[in-house]
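Heads up, the sequence shown is in the numbering used here, so the first residue is 6 and it goes up one at a time. Positions of the beta carbon are idealized from the N, C-alpha and C atoms, including for glycine. Below is one structure, written out as structure tokens; the observations come after it.
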Amino acid sequence: MHASNLPPKGLQDVVAARVSAPLHWLRLPGGRTNRSWRVTGPSCDWVVKLFDPRRANPLFPNDPEAERYALIALGGMDLAPEFVARFETYEGVCLVYHYVAGVFSGKTDPDTIRALGRLHRLTPPPDLRTIDTSPTALLEQGRFFLHGLEGSLARHLREIEPSPYPVAAGKEVFLHGDPVPANVLIYDGQRRFIDWQCPARGDATADLAIALSPAMHHVYGAGGLSKTEQEAALSAYPNVDIIARYRQLAPFYRWRMAAYCVWKAGRGEAIYLEAAEAELTPTEA
Numbered sequence: 006m007h008a009s010n011l012p013p014k015g016l017q018d019v020v021a022a023r024v025s026a027p028l029h030w031l032r033l034p035g036g037r038t039n040r041s042w043r044v045t046g047p048s049c050d051w052v053v054k055l056f057d058p059r060r061a062n063p064l065f066p067n068d069p070e071a072e073r074y075a076l077i078a079l080g081g082m083d084l085a086p087e088f089v090a091r092f093e094t095y096e097g098v099c100l101v102y103h104y105v106a107g108v109f110s111g112k113t114d115p116d117t118i119r120a121l122g123r124l125h126r127l128t129p130p131p132d133l134r135t136i137d138t139s140p141t142a143l144l145e146q147g148r149f150f151l152h153g154l155e156g157s158l159a160r161h162l163r164e165i166e167p168s169p170y171p172v173a174a175g176k177e178v179f180l181h182g183d184p185v186p187a188n189v190l191i192y193d194g195q196r197r198f199i200d201w202q203c204p205a206r207g208d209a210t211a212d213l214a215i216a217l218s219p220a221m222h223h224v225y226g227a228g229g230l231s232k233t234e235q236e237a238a239l240s241a242y243p244n245v246d247i248i249a250r251y252r253q254l255a256p257f258y259r260w261r262m263a264a265y266c267v268w269k270a271g272r273g274e275a276i277y278l279e280a281a282e283a284e285l286t287p288t289e290a
């Protein structure tokens, strides 16, 4: 392995101390937020995830403790990797969990939405953050991201900010918080979610909005969803009331997501400018 793909020496030493055998480290692809390696040996096949606290933001926290709570709560559910350990190094906090085989989904499909429905039926751990998904809260978050930003797209978003209207609150459920295509693995026809650093308690529509987001498909997927694909996926959700509430909240979710992408682009991640435009572009059939 090229030296740049190896984990820090201190991290290697901590993991090696748990296993009295030679280990092989393989840098995993992706990792826009944190770095991860697959670690294999005679008695282990793990993922070691090294957290970068600088990558946290108001929409997508990067919380190792929250991920640990979520993985422990989901043990044996076949929805997430099985937790192994948490430890600290000079380089940062690390989580270790069992490697999950499979391929990335590429696009959100009906099976992914059904898997989210399974997650949302579970009782969320009490230690998770609670998120507010009312129209007023979503607009406030979007304004936060746009504050102080110049440029034509930021100005356009201020001009098209939707007017809030009442939407009935939903039951608090167990949210993944970041179910983008790159965080969904398919193995033997089953979906499992990885990268649980953003879990929360809140309305199920929050996960649906991110799973169906054109912007997130632009950044993390294999192309956007057509209108037909979006409808097929959404219709697979096992609660018609939540589907109806998502449709009511969709204009606010999409406006906030576009504002978030403009904010990210302003911090040097150019792909998010195209993602913002994707979020605002009407989906073709």
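The shortest C-alpha to C-alpha distance from Asp193 to any of Met221, Pro47, Ser110 and His223 is the one to Ser110. Fully enclosed alpha helix (DSSP H) runs of no fewer than 4 residues occupy 210-216 of the region 194-218, in order along the chain. Shortest Cα-Cα distance from Leu124 to any of Ala249, Asn244, Gly35 and Ile276 involves Asn244.
In this structure, DSSP gives Val98 an extended state, which the three-state scheme calls strand. Ser231 places its beta carbon 8 Å or farther from that of Thr141.
Contact between the region 149-169 and the region 266-273 is established, with three or more Cβ pairs separated by less than 8 Å. Between the beta-carbon of Pro169 and that of Ala75 there is about 31 Å, and that puts the pair past the 8 Å contact cut.
Boundaries for Thr45: no alpha helix (DSSP H) harbours it, while the beta strand (DSSP E) harbouring it runs Arg40 to Gly46, taken from the DSSP string. Considered as a whole, the region 127-156 harbours 140-151 as its complete alpha helix (DSSP H) runs of no fewer than 4 residues, in chain order. If you ignore the 5 residues before and after Ala26, its C-beta comes within less than 7 Å of the C-beta of Gly46, Pro47 and Ser48, all in its own chain and listed in chain order. Just so you know, the alpha carbons of Pro63 and Arg32 end up roughly 28 Å apart.
In terms of Cα proximity to Ala187, the closest of Val178, Ala280, Glu145 and His222 is His222.
Distance between Leu133 and Arg206, taken at the CA atoms: about 6 Å. Look at the beta carbons and you see the region 89-103 not touching the region 170-177: under three pairs across the two are nearer than 8 Å.
For Ala237, the closest alpha carbon among the candidates Ile165, Asp114, Arg163 and Leu127 is that of Asp114.
Taking Gln202 as reference, the option from Asn67, Ser218 and Gly35 with the minimal CA-CA separation is Asn67. Contact between Pro184 and Ala216 holds: their C-beta atoms lie close to 5 Å from each other, under 8 Å.
When DSSP states are grouped into helix, strand and coil, Glu166 belongs to the coil group.
Here Ser240 is exposed, its C-beta having fewer than 16 other C-beta atoms within 10 Å. Taking a 10 Å sphere around the C-beta of Met262, we find 16 or more other C-beta atoms and assign the residue as buried. Contact check for Arg250 against Thr286 fails: the beta carbons are separated by 8 Å or more. Assigned with DSSP and collapsed to three states, Glu234 falls in helix. Nearest neighbour of Tyr104 by Cα position, chosen from Phe92, Phe88 and Asp116, turns out to be Phe88. In the structure shown, Phe257 falls within a helical segment according to DSSP collapsed to helix, strand and coil.
Comparing alpha-carbon positions, the option among Pro69, His29 and Glu145 lying closest to Ile199 turns out to be Pro69. In this structure, DSSP gives Lys269 a helical state, which the three-state scheme calls helix.
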